[in-house]
Amino acid sequence: MHVADSKTHHPASEPSTQGGPAAEPRKIIHIDMDAFYASVEQRDNSDLRGKPVAVGGASRRGVVAAASYEARKFGVRSAMPSVTALRKCPELVFVKPRFDVYRAVSLQIRAIFALYTEEIEPLSLDEAYLDVTENKMAIPLATQIAEEIRARIRAETGLTASAGVSYNKFLAKLASDHRKPDGLFVITPKMGPAFVETLPVARFHGVGPATTAKMKSLGIETGVDLKAQPLPFLQRHFGKAGSYYYWIARGVDERPVRANRARKSIGAENTFFDDLTEFEAMRAALQPILDKLWRHCESSGLRGRTVTLKVKFADFQILTRSRSNAEAVGERGALETISLDLLRPLLPTAKGVRLLGVSLSNLLADDDEVSGSQLTLL
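Residues 1 to 378 (the UniProt record's numbering) are what the sequence shown spells out, left to right.
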């Protein structure tokens with residue numbers, strides 16, 4: 001497939017968003033801010049511009065919440081332990097997160113989205129899906145809408161965003177990744193299936209490191225490899241997710257953009273390439289899961305009263321255990337204590353554990369009453 005050298009790529013063959021038969025493809029935009037937290041810090045502090053910056057804590061237990069593009073050149077990535085990041089980039093500058101500022105900027109950006117459509121599905125503070133099949137401006141090309149949104153974001157916030165335009169959510173996200181940073185890319189219905197075939201499965205949203213490793217062990221490394229597998233084969237090896245993998249390999253994703261969806265829970269989970277059987281191994285495996293979930297809590301300003309542990313065994317049996325509390329979990333340590341208390345009664349197990357997950361529900365915002373000490377007694 002030919003790809004234009006320009007940062008903006010929008011073929012003349014792109015379908016219009018207005019008129020035409022009912023079966024006309026949807027027009028979905030995925031907007032992803034570029035190194036959002038780090039870019040906000042560099043915007044607000046000129047001394048940080050051009051330097052490798054990590055948002056997060058520099059302590060021994062610290063984790064990188066976001067890395068500037070200067071830091072990424074050294075291999076620094078979000079979710080990386082801070083000690084590892086410093087080994088990769090000794091000149092790395094750590095900045096304490098300012099989630100209240102990030103949330104305020106995120107609201108500015110969502111107000112820009114709302115000028116064009118009400119069909120907005122935020123994924124986090126820095127990314128969202130938009131369905132512009134019909135739009136407030138009656139603009140016929142989704143690419144034009146994406147270009148205007150990017151220009152408004154730059155003018156109003158001083159930040160850059162990447163955008164992907166396609167006919168479903170899976171491909172729109174692939175497209176936004178394709179021109180990062182500060183770019184725009186379009187995947188048309190004619191391009192979609194062939195585009196997916198050329199990519200490594202590690203690039204696919206919903207295919208994490210453990211699944212990538214398992215696919216590789218089965219001889220699946222690219223989209224074309226995945227497409228060659230029968231549906232029963234994928235379901236046998238990946239359970240319910242097998243159907244999702246089968247269809248995305250064909251460029252098919254019927255998920256709608258869910259506008260104004262009230263978030264009922266937040267969570268994180270990991271699938272392990274090697275099944276876990278010992279409690280201490282599971283305790284260690286829970287740490288990055290809990291770190292990720294707590295970063296979600298901090299960035300969203302949400303806390304939860306109910307902690308749920310999810311365990312998937314090697315035979316794909318799934319068990320969940322929950323504990324509800326009078327007050328919201330106010331600290332990471334309490335979240336870990338409850339999660340381990342929920343895990344212990346499920347062990348020992350001879351089957352092995354292939355996935356662990358932790359989620360919070362019965363959510364409260366930071367400006368609601370949140371206790372930071374109630375659950376330290378549990």
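Note that the Cβ used here is the ideal one computed from N, Cα and C, for glycine as well.
In terms of residues, what are the limits of the beta strand (DSSP E) holding residue i?
| i | result |
| --- | --- |
| Tyr129 | 127 to 131 |
| Lys312 | 302 to 313 |
| Leu226 | No beta strand (DSSP E) contains Leu226, which is instead part of the alpha helix (DSSP H) from 223 to 227. |
| Pro122 | 120 to 124 |
| Ser166 | 161 to 166 |
| His30 | 28 to 33 |
| Gly56 | 53 to 56 |
| Thr320 | 318 to 324 |
| Arg354 | 353 to 365 |
| Phe94 | 93 to 95 |
| Phe185 | 184 to 186 |
Residue i to residue j, Cα distance in whole Å?
| i | j | result |
| --- | --- | --- |
| Phe204 | Phe113 | 25 Å |
| Glu278 | Ala85 | 29 Å |
| Thr271 | Ala210 | 6 Å |
| Val186 | Pro193 | 13 Å |
| Arg43 | Thr308 | 38 Å |
| Val207 | Val201 | 7 Å |
| Ala22 | Ile28 | For Ala22, the pLDDT reaches just 44, beneath the cut-off of 50, and the residue's location in the model is therefore unreliable, leaving the point undetermined. |
| Ile149 | Thr133 | 15 Å |
| Val105 | Asn45 | 16 Å |
| Ser300 | Ala65 | 13 Å |
| Ile139 | Ala67 | 35 Å |
| Leu234 | Lys216 | 13 Å |
| Lys190 | Met33 | 27 Å |
| Ser59 | Ser82 | 7 Å |
| Gly20 | Leu141 | Because the pLDDT at Gly20 is just 39, under 50, the model does not fix this residue reliably, and the value given afterwards should be weighed accordingly. Cα to Cα, the separation comes out at about 13 Å. |
| Glu298 | Arg103 | 10 Å |
| Thr212 | Glu221 | 8 Å |
| Gln374 | Gly333 | Note that Gln374 has pLDDT 28, beneath the 50 cutoff, so the model's placement of it is unreliable and no number is given. |
| Asp131 | Ala281 | 43 Å |
Between residue i and residue j, is the Cβ-Cβ spacing less than 8 Å?
| i | j | result |
| --- | --- | --- |
| Ala326 | Gly352 | no |
| Gly357 | Ala328 | no |
| Leu360 | Leu290 | no |
| Gly223 | Thr198 | yes |
| Phe74 | Lys88 | yes |
| Glu127 | His30 | yes |
| Leu231 | Gly219 | no |
| residue 426 | Pro181 | Coverage of the chain is limited to positions 1 through 378, which leaves residue 426 absent and any answer about it impossible. |
| Ala111 | Tyr69 | no |
Please look up how many angstroms separate the CB atoms of residue i and residue j, rounded, as I've assumed it's under 8 Å.
| i | j | result |
| --- | --- | --- |
| Tyr116 | Ile153 | With 8 Å as the limit, Tyr116 and Ile153 do not qualify as a contact, their Cβ atoms being about 12 Å apart. |
| Glu121 | Val257 | 5 Å |
| Asn362 | Thr306 | 5 Å |
| Gly62 | Pro97 | So it is not a contact: roughly 11 Å between Cβ atoms. |
| Gly183 | Leu174 | In fact, because the Cβ distance is near 13 Å, the residues do not count as touching under 8 Å. |
| Val40 | Leu159 | 7 Å |
| Ile266 | Leu302 | 6 Å |
| residue 400 | Arg323 | Any property of residue 400 remains undetermined from this structure, which presents the chain solely from 1 to 378. |
| Ala259 | Glu91 | Wrong, their Cβ atoms sit about 43 Å apart, outside the cutoff. |
| Leu125 | Val93 | In fact, because the Cβ distance is near 22 Å, the residues do not count as touching under 8 Å. |
| Phe273 | Lys214 | 6 Å |
The alpha helix (DSSP H) spanning residue i covers which residue range?
| i | result |
| --- | --- |
| Leu199 | Looking at the DSSP string, Leu199 is not in any alpha helix (DSSP H), and its letter there is neither H nor E. |
| Thr271 | Per DSSP, Thr271 belongs to no alpha helix (DSSP H); it is in the beta strand (DSSP E), 265 to 276. |
| Val83 | 82 to 88 |
| Phe170 | 169 to 178 |
| Val40 | 36 to 44 |
Next on the checklist: With a threshold of 8 Å, are at least 3 pairs of Cβ atoms found where one atom belongs to the stretch 271 to 286 and the other to the stretch 48 to 56?
Outcome noted: no
Checklist entry - Are at least three pairs of beta-carbons, each pair with one atom in the stretch 239 to 259 and one in the stretch 152 to 171, less than 8 Å apart? => result yes
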